[in-house]
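What follows is a single structure, written as structure tokens, with notes after it.
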Amino acid sequence: MSNASKFISSRVAGLPPSGIRRFFDIAATMDNVISLGIGEPDFDSPEQIIRAGVASLQQGKTHYTSNSGIEELRRAVAEDLDRRYGQTYNPASEILITVGVSEGLYLALTAILDPGDEVIVPQPSFVAYLPEVVLAGGTPVVVNTTVDNAFQVTAEQVAAAITPRTKALLIGYPSNPTGAVMSRERLADIAMLAEKHDLLVISDEIYDKLVYGTEHVCFPSLPGMYQRTILLQGFSKSHAMTGWRVGYAAAPGELLGAMRKVHQYTIMSAPTTSQWAALAGLLEAEEEMEAMIAEYDRRRKLIVPGLNEIGLSCFEPKGAFYAFPSVANSGMSCGEFAELLLQEERVAVVPGEAFGEAGRGFVRCSYATAYEKIEEALERIHRFMRRHG
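Position one of the sequence shown corresponds to residue 2 (our numbering), numbered consecutively onward.
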């Protein structure tokens, strides 16, 4: 047998597999599993979105679009950002439609990083952040947030991690996996730091519409931050469009031009059908989106107190659709807890360590699943904790 591994790049060989997928793979072989693991809306895409996608196919809109995406969608995105945050972008040169935020992240890092450049990444964070920095040739520098600060990174922490090789800061709030939302004051402190040290900020704001009883602050809308921010956004979470794979990046023209260059050679253009569907989502599905957000909030108000009552201490998430409870009272590591809970009670959660060292001792529980299933999951976890807590 040939030794094909010798052909694999050291960058890729050194990457660990996703810590999320293993539990999904195990759960897929089992019956009667309630999954609090997957970060995906359980809602179908609203009817307006589906109709627009089907209509685009029937009308023969089956060809490549402009590399940047259809003009109508870029214009609608620019108007949406202006209306909600007062941040103006030129749809012709400062907005790029991407294959989800995942491609946007890849484009941003590939466009800005040279070998040895450092990117500061607060953790716990989305599982792709560190690997994408590595794949782009950069060096991730981890800053660990804590529950004592509600998992909000502080300017002091960022400042302590800055070196002469620091090029960018990669932040994602509202946070996957913690549900944390950054306060305006803390973001303003980080903005001042970025200006002082001449850093670029990549701000992943895919969950910006999913906030509860608080405001989301769009990072590039802060004073002086438009010119040094790449904003990543999309429709997967807010409009229940995960499978459509459509998102966007917004940035000053020179930065976006570099990203577009990578996009041209790698992707060509985001799926045409998905772009027309996303346009309908922005223009026609506001009411449906608000109903989904209200339902997530109802579930949040069930799962967080429920976990606390069981003995799994959980701070209050203010955004996204994740609870991030501590499993300290179980006496187990987060990996042991997740594995045993799945085996004994058929409830799937994700060990916090999948999101970085700062996630150890916690598990991620998604409440993007039906209210009744969350009720049943809490009962099962309660039984589990009575045996092990």
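The beta carbon of each residue, even a glycine, is placed where N, CA and C say it ideally should be.
Status (buried if at least 16 other CB within 10 Å, exposed otherwise) for residue i
i	result
F8	exposed
K319	buried
H240	buried
P42	buried
Q228	exposed
E346	buried
T30	exposed
S6	exposed
Alpha-carbon spacing of residue i relative to residue j, whole angstroms
i	j	result
P160	T111	Residue identity check: residue 160 is Ala in the sequence provided, not Pro. C-alpha separation (whole angstroms): 24 Å.
L108	H389	45 Å
V364	S327	7 Å
F316	A371	21 Å
V154	P123	6 Å
M2	S19	With a pLDDT of 45 at M2, under the threshold of 50, the modelled position of that residue is not reliable, and the figure given next carries that caveat. Rounded to whole angstroms, M2 to S19 spans 28 Å at the Cα level.
E206	Q234	6 Å
V34	I375	12 Å
E72	L171	28 Å
T140	G70	31 Å
N330	L313	7 Å
Y368	R185	26 Å
M293	F44	8 Å
M333	P352	11 Å
I21	A355	6 Å
T215	A181	11 Å
Local conformation of residue i per DSSP, three classes
i	result
E1	Because the chain is modelled from 2 through 390, residue 1 falls outside the range shown and cannot be assessed.
N330	helix
F363	strand
V34	coil
S204	strand
T273	helix
P306	helix
M2	Bear in mind that the predicted position of M2 carries a pLDDT of just 45, short of 50, making it too unreliable to give a figure here.
I9	coil
K238	coil
V351	strand
V143	strand
L232	strand
Y213	coil
Residue nearest to residue i in terms of C-alpha spacing, selected from the options
i	options	result
D32	A195, E95, V348	V348
D1	G101, V128, V134	Because the chain here runs from 2 to 390, residue 1 falls outside it and cannot be looked at.
V78	E288, L232, L188	L232
D26	M386, I375, R381, Q344	Q344
G248	T274, V100, K302, V148	V100
S10	T30, E289, L136, S314	L136
G307	A324, I294, V350, L106	A324
I121	A151, G105, A162	A162
A156	E196, F356, I21, L131	E196
P132	L106, S270, R300, G362	L106
S67	F322, R361, S270, E186	S270
M242	G40, R12, A5	G40
E1	S103, E310, E337, R361	Here the chain has residues from 2 to 390 only, and residue 1 is not among them.
K168	V212, V148, G117	G117
### Given 8 Å, three or more beta-carbon pairs between the region 56-74 and the region 196-204
no
### Query
So, do the region 93-104 and the region 144-151 have three or more beta carbon pairs nearer to each other than 8 Å?
no
### Message
Closer than 8 Å is the cut-off here; do at least three beta carbon pairs connect the region 46-54 with the region 249-262?
### Response
no
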